[in-house]
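One structure is given below, encoded as structure tokens.
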Amino acid sequence: MDSPASSDEISQRLRAGTPYVLPSLLACDFGHLAEEIREVEAAGATALHLDIMDGHFVPNLSFGIPVVEAIRRATELVLDVHLMLDNPAEYLEPFRKAGADVLTVHAEVLPDPRPVLERIRELGALAGLSLNPPLDVALLEPALPFCDLVLVMSVMPGFGGQQFDPIALDKLRWLAKHPDCPALLEVDGGVNEQTIADCAAAGADLLVAGTAVFGAADYESQLAELNKLARQGVDRREHLQRGGS
Ligand code: DX5
Ligand code: ZN
Numbered sequence: 005m006d007s008p009a010s011s012d013e014i015s016q017r018l019r020a021g022t023p024y025v026l027p028s029l030l031a032c033d034f035g036h037l038a039e040e041i042r043e044v045e046a047a048g049a050t051a052l053h054l055d056i057m058d059g060h061f062v063p064n065l066s067f068g069i070p071v072v073e074a075i076r077r078a079t080e081l082v083l084d085v086h087l088m089l090d091n092p093a094e095y096l097e098p099f100r101k102a103g104a105d106v107l108t109v110h111a112e113v114l115p116d117p118r119p120v121l122e123r124i125r126e127l128g129a130l131a132g133l134s135l136n137p138p139l140d141v142a143l144l145e146p147a148l149p150f151c152d153l154v155l156v157m158s159v160m161p162g163f164g165g166q167q168f169d170p171i172a173l174d175k176l177r178w179l180a181k182h183p184d185c186p187a188l189l190e191v192d193g194g195v196n197e198q199t200i201a202d203c204a205a206a207g208a209d210l211l212v213a214g215t216a217v218f219g220a221a222d223y224e225s226q227l228a229e230l231n232k233l234a235r236q237g238v239d240r241r242e243h244l245q246r247g248g249s
């Protein structure tokens, strides 16, 4: 394996072409993991979203370090690793070594997220901070200068296939107009044909979708359709910003 990408390189790759969908592997066929990855890569994905669950912070278990290593061997796509863990600080280095390019931790378990975000940056990854639907986004304010990415949950994390909670849209709008928030904005949970344009219109750059991608018969046409709807959402926002009705 080549040396890991630098954080500038990761950032450039993630920022190019936003808004777009990141397939969440939680919804793929794990019996054919490498093939599923090849297929979404061939379908035009830029990055993959990987959900790591500990059975404590969320009431479910998913996969861990050896599987992230295997995914890294299977693809050079950006790996966006969402740590749904009570004690993320203990696992930053192993997940970075396994090939994570973005490491996102939850504000609910970090009264002061700054040292953890700084540690992620020291490891050469992009630092992400996430919040669940019940948490007030204003509580993230002191940590925003240390975030490369903010992940707004639009479901309670733990399971794919849940219904989108529109509270995420208000949080995205708040973050998008915050003067100290140059971070990429990402949304996760219930993103599909019905909700994606609203997410992009509210300011989301990165749109995580599990069921809406892997539940489709043809990944390429589905990614193209979702990305088109996201682009329409941005156009709507820009139109409104110019004073259109
Ligand atoms: C939920 C995870 C999501 C999940 C989204 O706990 O964080 O990434 O895979 O799945 P869908 O797109 O099916 O809601
Ligand atoms: Zn996730």
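Residue numbers for the sequence shown, in my numbering: 5 to 249. A virtual CB, placed ideally from N, CA and C, is assigned to each residue, including glycine.
In chain order, what residues of the same chain have a beta carbon less than 6 angstroms from the beta carbon of Val62, not counting five sequence neighbours either side?
So the list reads Met88, Pro161 and Gly162, once near-sequence residues are dropped.
Three-way DSSP call (helix, strand, coil) for Leu65 in this model
If DSSP states are grouped into helix, strand and coil, Leu65 belongs with the strands.
Nearest candidate by alpha-carbon position, reference Leu52, set Leu233, Ala213 and Leu230
Cα-wise, what sits closest to Leu52 is Ala213.
Any contact between the segment 106-115 and the segment 73-80? By contact I mean 3 or more CB pairs, one from each, below 8 angstroms.
Segment contact: the segment 106-115 against the segment 73-80, fewer than three CB-CB distances shorter than 8 angstroms; contact not assigned.
Using only the alpha-carbon positions, how far apart do Met5 and Asp33 sit?
Because the pLDDT of Met5 is 48, which lies under 50, any placement of that residue in the model is unreliable, and the question is left without a value.
CB-CB under 7 angstroms to Leu227, same chain, minus the five flanking residues each way: which ones, in chain order?
Same-chain partners within the cutoff: Val25, Ala47, Gly48, Ala49 and Val217.
Based on the DSSP secondary-structure assignment, which residues constitute the bridge partners of His110?
According to DSSP, His110 bridges with Ser134.
Beta-bridge pairing of Glu190 - partner residues as DSSP gives them:
Answer is Leu155 and Leu210, bridged to Glu190.
Just list the residues that DSSP pairs Met88 with in beta bridges.
Partner(s): Met57.
Counting only the same chain and skipping the five closest in sequence on each side, list residues whose C-beta sits under 6 angstroms from that of Val141.
Counting only Cβ-Cβ distances below 6 angstroms, and skipping sequence neighbours, we find Lys175 and Trp178.
For Val44, which option in Gln245, Ser225, Lys232 and Glu242 has the closest C-alpha, if you only look at C-alpha atoms?
Selected option, being the one with the closest Cα: Ser225.
Under the rule that 16 or more other beta-carbon atoms within 10 Å means buried, what is Pro115, buried or exposed?
By the beta-carbon neighbour count (other beta carbons within 10 angstroms, threshold 16), Pro115 is exposed.
If I'm right that Thr22 touches Leu210 with Cβ under 8 angstroms, what's the distance once you round it to whole angstroms?
Contact between Thr22 and Leu210 holds: CB atoms are separated by about 7 angstroms, below the 8 angstroms threshold.
I'd like to confirm something about Ser158: is its beta-carbon nearer than 6 angstroms to some heavy atom of the ligand DX5, or not?
No, the Cβ of Ser158 stays beyond 6 angstroms of every heavy atom of the ligand DX5.
Can you tell me the Cβ-Cβ gap for Val85 and Ile56, rounded? I've got them flagged as a contact below 8 angstroms.
Confirmed, about 6 angstroms.
Nearest-angstrom Cα separation, counted from His243 out to Ala234:
If you take the alpha carbons of Ala234 and His243, they lie about 14 angstroms apart.
How would the residue list near the ligand ZN read, in chain order, if you kept each one whose beta-carbon is closer than 6 angstroms to any heavy atom?
For the ligand ZN, the residues with a Cβ under 6 angstroms from any of its heavy atoms are, in chain order, Ser28, His53, Asp55, His86, Asp192 and Val212.
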